[in-house]
Each structure stands twice: as C-alpha cells, then as structure tokens.
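Enquirer: Just dropping this structure here.
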C-alpha cells in the first residue's frame, strides 16, 4: 500500500486589500523571487485573524519585525530611515532583508535600492523626489506605472489587476538586477583600460560596456570611444558631469552639429564619419580609427 504524499503547505502572504501601490506590488514580487511563486499564497485583506495567522505580513498590520516576517511602516513612528533620510516602506523593509539574496551580491543590492527601491519608498511615504522644471513636465515614476494597472471604472475589481502588476514588477526587477550585475562585471574591465591609457581624456573601449556612471568617477576623462549596435558603428560620446543629466564635460564642436556623411566628412577630414547629433554629445563613424580621430579633433576645438 502506497501512501500519498501530502502537498507541502503553501506559505501565506498577507498584504492589504483594495487599491494596491508600488510598494506592496514590488514587495510581493520580491517575496515571489525569495520563496518561489508556486510555494506561496497571497491573501489581500485587513482581517486581523488572517494577519495573525500569516507567515509573512507586509504593508498592513502595524508591525515591523523582520524576525517574525512582519514588514509594515504605517505604525506610529514608521519603520526607520536610511542614512540619507529616505524612510522605509514595505518594499524597502523586505529588500533590506532579502536584497542581497535576490541580487546575488551586496553591491547589486545596494544599486537596486538606490535606483528603484528608494524612490518607491519615498513616494509611498509622501516625500517629493523631483522638482518640476520650467516646462511643467512630470516624470513617469514606478509608482505611477503601477497605478496604471488599477481597474478603470468600467472594469471589475477581481484581483487580476494586482496579479498582472506583480508579474510586471517581477519581470522589471529581474531585468534591472541582470543589468546591474553585468554592469559590475564591466567595471573591472573599464577600470583596467583607464589605468592603461596614457591620455586619459579619451578612453577607447573594445565593447559597448555600460561606462556612464563608472567613468564619471574619473575627472580626467572627456570622451569615450566604443562600438555601438554591432553594425560596424563606432561612437564618440561626451562624458556627462552626472550620468542622469544632459550636462557634459566637453561638447563636440559646434560646426559638427547635425551634420552627416559628406558634409561631416568634409568638415572633419575623417572619411568614414557618419553623423553628429545636433546637441553635440555623440558622433558616429564606421571604424574605431575614424571615431578615435574624431575624438582627438574634438579635444582641440
């Protein structure tokens, strides 16, 4: 006689019901990655009995105690702040405990916290994270992206929208972790190239490495030369003062702006020059040699 194996009990995850937000959605996606999506059951409720019997509770319950897997920040006094003053939401609390495990390294975990988690935490706690410029434009935040999954007035509130939002968040998070991990692998290569380069104003990279925030740490570098897109295209890119800004250490020559092919080749004397952006932060050639010539010419202007 064979005994049937009992199915393992699924862990119960409890978060609040009704309208969801980026913090509880992304927190759910992190727990899916940690615990395994097939091993858990998400219950969205504010029922105290359900909360008390849950294995994990987040963004509801009024308790922060990571040892007992309680991750709320709505209680009086909140759930603490980072050194920069950004308070924790349920996402930040869960990421603080599991970020390294999910990311594979503390460096990547810290990068994801700075790039993604902190902005979600700040907005969920009512902290303004940007100033509107003279154009009156507002950036699209992850919080607003997640709100796009809310059912409209013509749709039923059946829970599917929350599930869709969580799947989006999980995919987005995995992709950002992949990008951050690969970025760290490139760091040592870029650092080595920098150290071996005599004229550090121009750094030539053999692959399309993510250089922006890495080389911005070196004050001497002005231009980066590297391949782009695998189509026999090499670019010269002006290094930004800040990786997220449009402020550059040195722009390309004004007379190159918007020129392409024969016009650009005539002005520069570089036979395989292809195009210079009108804002003068990138110029393209067919070869590494051509791109390097353009970079050296730009230094003299």
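Numbering (my numbering), first residue to last: 6 to 306. From the three backbone atoms N, C-alpha and C, an ideal C-beta is built for every residue, glycine too.
Classify residue 227 as helix, strand or coil using the three-state DSSP reduction.
Expert: coil
Enquirer: With H, G and I counted as helix, E and B as strand and the rest as coil, what does DSSP make of residue 208?
Expert: Secondary structure of residue 208 (DSSP, three-state): strand.
Enquirer: Since residue 126 and residue 150 should fall inside the 8 Å C-beta cutoff, what is the C-beta to C-beta distance between them, to a whole number of angstroms?
Expert: Going by Cβ atoms, the distance from residue 126 to residue 150 rounds to 16 Å, so no, they are not a contact pair.
Enquirer: Taking the runs of the alpha helix (DSSP H) that are 4 residues or longer, which of them lie wholly in the segment 8–91?
Expert: 27–40 and 53–58
Enquirer: Output needed for residue 281: all residues of its chain with C-beta closer than 8 Å, excluding positions within five of it in sequence on either side, in chain order.
Expert: Closer than 8 Å at the Cβ level, and outside the excluded window around residue 281, lie 257, 261, 262, 263, 264, 265, 269, 287, 288 and 289.
Enquirer: Taking Cβ to Cβ, would you say residue 45 is nearer than 8 Å to residue 15?
Expert: Contact: yes.
Enquirer: Can you tell me which residues form a DSSP beta bridge with residue 197?
Expert: The partner list for residue 197 (beta bridge, DSSP) is empty, contrary to what the question assumes.
Enquirer: Could you name each continuous beta strand (DSSP E) segment of 3 residues or more that falls completely within the segment 267–301, going from the start of the chain to the end?
Expert: 278–281 and 287–290
Enquirer: Measure the C-alpha to C-alpha separation of residue 231 and residue 276 and round it to an integer number of angstroms.
Expert: Straight across, the Cα-Cα distance linking residue 231 with residue 276 is about 18 Å.
Enquirer: Near residue 110, which residues of its chain fall below 8 Å by C-beta distance, leaving aside the five closest residues on each side in sequence?
Expert: For residue 110, same chain residues with a beta-carbon under 8 Å away, outside a window of 5 residues either side, are 186 and 189 in chain order.
Enquirer: In the DSSP assignment, find the beta strand (DSSP E) that holds residue 242 and state where it starts and stops.
Expert: 239–243
Enquirer: Could you pull the DSSP bridge partners for residue 265 from this structure?
Expert: 280
Enquirer: Quick check on this structure: which residue in 155, 135 and 112 has the alpha carbon closest to the alpha carbon of residue 1?
Expert: Given that the chain is displayed from residue 6 to residue 306, the structure contains no residue 1 and the question cannot be resolved.
Enquirer: Return the chain-ordered list of same chain residues with a C-beta closer than 7 Å to the C-beta of residue 302, the five sequence neighbours on each side being excluded.
Expert: Closer than 7 Å at the Cβ level, and outside the excluded window around residue 302, lie 273.
Enquirer: If you compare alpha carbons, which of 89, 31, 19 and 63 is closest to residue 132?
Expert: Taking the Cα of residue 132 as reference, the smallest distance to any Cα among 89, 31, 19 and 63 is reached at 89.
Enquirer: In its own chain, which residues sit with a C-beta less than 8 Å from the C-beta of residue 6, not counting the 5 before and 5 after it?
Expert: Low per-residue confidence applies at residue 6: pLDDT is 47, beneath 50, and the placement is therefore not dependable enough to give any value.
Enquirer: How many angstroms separate the CA atom of residue 229 from the CA atom of residue 199?
Expert: 11 Å
Enquirer: Label residue 340 either buried or exposed according to how many other C-beta atoms from any shown protein chain fall within 10 Å of its C-beta, with 16 as the threshold for buried.
Expert: Residue 340 lies beyond the stretch modelled for the chain, which goes from 6 to 306, so this question has no answer here.
Enquirer: Roughly how many angstroms separate the alpha carbons of residue 138 and residue 129, rounded to a whole number?
Expert: 22 Å
Enquirer: Does DSSP put residue 173 in a helix, a strand or coil?
Expert: helix
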